[in-house]
Amino acid sequence: MSTTTQPPQGVAAATPMPDIMAVRKPRKGFLGYLMRHPTIGIGGFLLLLMVAVAIFAPWLWTKDPTALAPVMRTRNPSAAAWFGTDMLGRDVYSRVLYGTRVSLMVGFGVAIAASVIGLFIGLVSGFVRWADSIIMRIMDGLMSIPSILLAIALMALTRGSVGNVILAITIAEIPRVSRLVRGVVLSLREQPYVDAAIASGTRTPVIIWRHILPNTLAPMTVQATYICASAMITEAILSFIGAGTPPIIPSWGNIMAEGRALWQVKPYIVFFPAIFLSVTVLAVNLLGDGLRDSLDPRLAKRV
Amino acid sequence: MFAYIVRRVLATIPVMAIVALFVFSLLYIAPGDPAAVIAGDQATPADVERIRQSLGLDRPFLVRFGEWVFRILQGDLGVSIFTNLPVTRMIAQRIEPTLSLMVVTLVLAVVIAVPMGVVAAWKHGSWIDRLVMAFAVLGFSVPVFVVGYLLAYYFALQLDWFPVQGYTPFSEGFGPWFRNLVLPSIALGGVYIALIARITRATMLEVLQQDYIRTARAKGAGQRTILFLHALKNAAVPIVTVIGIGVALLIGGAVVTESVFAIPGLGRLTVDAILRRDYPVIQGVILLFSFVYVLVNLLIDLSYTLFDPRIRY
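Residue numbers (this note's numbering), protein chains in the order written: chain A, 1 to 303; chain B, 304 to 616.
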């Protein structure tokens, strides 16, 4: 570790008033922030690594992930094919690396789409009294369908494509976001400063923009990371059971689905995408936990 | 109390109605001609027409919906497009493995997760606590099929302690039935255990700071009595609520777990139905699962008085 990233204890030991200095003067700046919330650092680093893998997949010693090579069928991992080859002779390493693209695209896509739509529905529900009960009954209904089943049902009727997968998972995630936003809006409406704004004649759109939206940002960011994590798992599940990304596109769920028939003899075809998926989801979850602790310290002590 | 139960039961009717409306209208929301989509790419126009008629797509939406709901209330979920068998019969044939898997997982998860959360809260800040929390994060992150394949690889293929795949009916004895369910249940239970352990720890932490816990300690009650009698009982309501909400995870996870372990249950039925676009079966299974989910959460709502006599309706 370089001197700039030295832990606070080390700094404290060198000063005359060790303990008090260490407690009262937490390191400022971005690095200090990461040090106080190590999960954000670890999660963020792993996630950035995965983003880099997704972007630079073609230059990371990969081959064409869809190129068939019947002669090279089901080869164990070796120097020629680092993660081995599947039953069609395709290079598992290349497929897994390209699969990062699908997973991240679905994860980020769903997180953004569900947040934006959920935010809108939640705001309407929190501000328009007559619409509230109708919207919330509909959300109750949607929430009583387990979200994976809801996504499966939607996918069963559309032709598989990455766009449809994102759409299906988004619809399944919207009720939770809407409920969260509505809860925040309802509690904010009781705040004295919102009363004051209403009393001074501020128009509703301005109140929403200036007083409500900024306060929903923190819980929404945390929620969005969890949605991203669960969307990546759902995408893999959908592809795994054959109702997700079309088989022609290498996604981690598809690679596992193809490796399923052979997994007892060639377990690596299943395990390599499985490891990538688990690490990516873990990274996003760590990031989410860290953000939650840092954005809402009250919650951090309890959960 | 009775009035509350009636009110609560009545409140589930609009929820189920919305579920039914949604499941039904899926067919109409889908882009393109649903009959053509279900029939698939190799269908002849005659096939498409047959499906259109068997689904009643040639008649108005509301009429169809009314008829459909009426038949469901009589216990008729329609006929499979693929096998031409009644959907209720197909479900009946497949329900035992799924029910077994979910019940075993539920019991296993509660038995493991609640003590985990209690100990973590009791030893707050210790290495045990950190271990439990780390496990919780992992449980949320490692997908059910990954755990499933890992378990099957080491404990079935390498060590040969459990059967690799399949299901043995309960009628052939408890032993074989249970042995087949151990690995799938652990795989399926991962997220569920993480969820319950986390909420147990959080609620216990709060309860353990209450005055009556200090009183119990002051009058000399043992550690175990305090934890499990005084504290856990007061922490029960949120824990039981999460156990109910988590059933959704079990239902979704069962679909995957059954694929990994080749268990011939409702999950396999769903997957097969999707691949064949057998829509009446998909509708039937989703309706059934949603109904079970709503019912479980209704029962949990009603059970609150058992845990907390202060809650009176």
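We put the CB at the ideal spot given by N, CA and C, even for glycine. As the structure is a computational prediction, the values presented were derived from the model and not from experiment.
Residue i classed as buried or exposed, judged by whether at least 16 other C-beta atoms fall within 10 angstroms
{"i": "isoleucine 577 of chain B", "result": "buried"}
{"i": "valine 522 of chain B", "result": "Reading off the sequence shown, one finds lysine at residue 522 of chain B, where the question assumed valine. Exposed, because fewer than 16 other Cβ atoms sit within 10 Å of the Cβ of lysine 522 of chain B."}
{"i": "alanine 314 of chain B", "result": "exposed"}
{"i": "asparagine 387 of chain B", "result": "exposed"}
{"i": "proline 175 of chain A", "result": "buried"}
{"i": "leucine 320 of chain B", "result": "Note that residue 320 of chain B is alanine in the sequence shown here, rather than leucine. It is exposed - the Cβ of alanine 320 of chain B has fewer than 16 other Cβ atoms within 10 Å."}
{"i": "methionine 304 of chain B", "result": "exposed"}
{"i": "arginine 504 of chain B", "result": "buried"}
{"i": "alanine 131 of chain A", "result": "exposed"}
{"i": "phenylalanine 364 of chain B", "result": "exposed"}
{"i": "threonine 5 of chain A", "result": "Legend: pLDDT at threonine 5 of chain A = 43, less than 50; position of this residue unreliable, no value from coordinates given."}
{"i": "threonine 39 of chain A", "result": "buried"}
{"i": "tyrosine 193 of chain A", "result": "exposed"}
{"i": "arginine 433 of chain B", "result": "exposed"}
{"i": "alanine 274 of chain A", "result": "buried"}
{"i": "tryptophan 371 of chain B", "result": "buried"}
{"i": "tyrosine 93 of chain A", "result": "buried"}
{"i": "threonine 528 of chain B", "result": "exposed"}
{"i": "glutamine 586 of chain B", "result": "buried"}
{"i": "isoleucine 241 of chain A", "result": "buried"}
Where residue i falls: helix, strand or coil (DSSP)
{"i": "proline 567 of chain B", "result": "coil"}
{"i": "aspartate 463 of chain B", "result": "coil"}
{"i": "aspartate 581 of chain B", "result": "coil"}
{"i": "proline 389 of chain B", "result": "strand"}
{"i": "valine 124 of chain A", "result": "helix"}
{"i": "valine 599 of chain B", "result": "helix"}
{"i": "aspartate 91 of chain A", "result": "strand"}
{"i": "valine 421 of chain B", "result": "helix"}
{"i": "valine 450 of chain B", "result": "helix"}
{"i": "valine 265 of chain A", "result": "coil"}
{"i": "valine 445 of chain B", "result": "coil"}
{"i": "tyrosine 98 of chain A", "result": "helix"}
{"i": "glycine 288 of chain A", "result": "helix"}
{"i": "alanine 323 of chain B", "result": "helix"}
{"i": "methionine 21 of chain A", "result": "With a pLDDT of 45 at methionine 21 of chain A, under the threshold of 50, the predicted position of this residue should be treated as unreliable, though the coordinate-derived value follows. In the structure shown, methionine 21 of chain A sits in a helix (DSSP, three-state: H, G or I)."}
{"i": "threonine 307 of chain A", "result": "No answer is possible for residue 307 of chain A: the residues shown for chain A start at 1 and end at 303."}
Beta-carbon proximity list for residue i, same chain, < 6 Å, skipping 5 on both sides
{"i": "valine 540 of chain B", "result": "Tyr607, Phe610 and Asp611"}
{"i": "leucine 295 of chain A", "result": "Ala218"}
{"i": "phenylalanine 564 of chain B", "result": "Gln468 and Pro487"}
{"i": "alanine 168 of chain A", "result": "Ala151, Leu154 and Met155"}
{"i": "valine 510 of chain B", "result": "Ala534, Asn537 and Ala538"}
{"i": "isoleucine 117 of chain A", "result": "Ile174"}
7 Å CB neighbourhood of residue i in its chain, flanking five on each side removed
{"i": "valine 407 of chain B", "result": "Leu484 and Ser488"}
{"i": "isoleucine 316 of chain B", "result": "none"}
{"i": "leucine 104 of chain A", "result": "Met50, Val51 and Ala54"}
{"i": "methionine 139 of chain A", "result": "Pro175, Ser178 and Arg179"}
{"i": "valine 222 of chain A", "result": "Gly288, Leu291, Arg292 and Leu295"}
{"i": "aspartate 361 of chain B", "result": "Arg355"}
{"i": "valine 412 of chain B", "result": "Per the sequence shown, the amino acid found at residue 412 of chain B is alanine instead of valine. So the list reads Gly492, Tyr495, Ile496 and Ile499, once near-sequence residues are dropped."}
{"i": "isoleucine 148 of chain A", "result": "Thr234 and Ile237"}
{"i": "phenylalanine 443 of chain B", "result": "Val494 and Ala497"}
Same chain only: Cβ atoms within 8 Å of residue i, ignoring 5 sequence neighbours per side
{"i": "threonine 560 of chain B", "result": "Leu404, Val447, Phe448, Gly451, Pro487, Ala490, Leu491, Ile566 and Gly570"}
{"i": "glutamate 399 of chain B", "result": "Pro472, Phe473 and Gly568"}
{"i": "leucine 590 of chain B", "result": "Val322, Ala323, Val326, Ile375 and Leu380"}
{"i": "proline 479 of chain B", "result": "Thr471"}
{"i": "leucine 618 of chain B", "result": "Residue 618 of chain B cannot be examined here, being either before or after the span of chain B that is shown, 304 to 616."}
{"i": "isoleucine 431 of chain B", "result": "Val422 and Ala423"}
{"i": "phenylalanine 531 of chain B", "result": "Val421"}
>> At a CB distance below 7 Å, what residues from the stretch 550-567 of chain B approach chain A? Give them in sequence order.
In response: If the cut-off is 7 Å between Cβ atoms, the stretch 550-567 of chain B has Ala551, Ile554, Gly555, Val558, Val559 and Ser562 near chain A.
>> Just to confirm the assignment: which complete alpha helix (DSSP H) runs, minimum length 4, are found wholly within the stretch 506-578 of chain B?
In response: 514-521, 535-548, 550-563 and 569-578
> Residues in the stretch 584-596 of chain B with C-beta within 7 Å of chain A's C-beta atoms, listed in sequence order?
Replying inline: Ile585, Ile589, Phe592, Ser593 and Tyr596
>> Threshold first: 4 residues or longer. Then list the alpha helix (DSSP H) segments lying entirely within the stretch 143-223 of chain A, N to C.
In response: 147-157, 162-189, 192-199 and 204-207
> When you check each C-beta in the stretch 113-141 of chain A against every C-beta of chain B, which residues fall closer than 8 Å?
Replying inline: Going along the stretch 113-141 of chain A in chain order, one finds Arg137, Ile138, Asp140 and Gly141 with a Cβ nearer than 8 Å to chain B.
> What residues from the stretch 386-405 of chain B come within 9 Å of chain A, judged by C-beta to C-beta, listed N to C?
Replying inline: none
>> Which residues of the stretch 236-258 of chain A have a Cβ closer than 8 Å to any Cβ of chain B? Give them in chain order.
In response: Ala236, Ile237, Phe240, Ile241, Gly242, Ala243 and Met256
> Along the stretch 221-237 of chain A, what residues have a CB closer than 8 Å to any CB found in chain B?
Replying inline: Taking 8 Å as the Cβ-Cβ cut-off against chain B, the residues of the stretch 221-237 of chain A that qualify are Ala229, Ile233, Ala236 and Ile237.
>> Beta carbons nearer than 8 Å to chain A: which residues of the stretch 425-443 of chain B have them?
In response: Going along the stretch 425-443 of chain B in chain order, one finds Val440, Leu441 and Phe443 with a Cβ nearer than 8 Å to chain A.
> Along the stretch 152-170 of chain A, what residues have a CB closer than 8 Å to any CB found in chain B?
Replying inline: For chain B, the residues of the stretch 152-170 of chain A that bring a beta carbon within less than 8 Å of one of its beta carbons are Ile152, Ala153, Leu154, Met155, Ala156, Leu157, Thr158 and Arg159, in chain order.
> Given a limit of 8 Å on CB to CB distance, which residues of the stretch 100-114 of chain A reach chain B?
Replying inline: Of all residues in the stretch 100-114 of chain A, none has a C-beta nearer than 8 Å to a C-beta of chain B.
>> What are the residues in the stretch 570-583 of chain B lying within 8 Å of chain A by C-beta distance?
In response: Cβ contacts with chain A: Thr573, Val574, Ala576, Ile577, Leu578, Arg580 and Tyr582.
> In chain order, which continuous runs of the beta strand (DSSP E) of length 3 or greater are located wholly inside the stretch 361-417 of chain B?
Replying inline: none
>> Short of 9 Å Cβ to Cβ, which residues in the stretch 37-58 of chain A face chain B?
In response: Thr39
> Which residues, in chain order, does the stretch 185-213 of chain A contribute to contact with chain B at a C-beta distance below 7 Å?
Replying inline: Taking a C-beta cut-off of 7 Å against chain B, none of the residues of the stretch 185-213 of chain A qualify.
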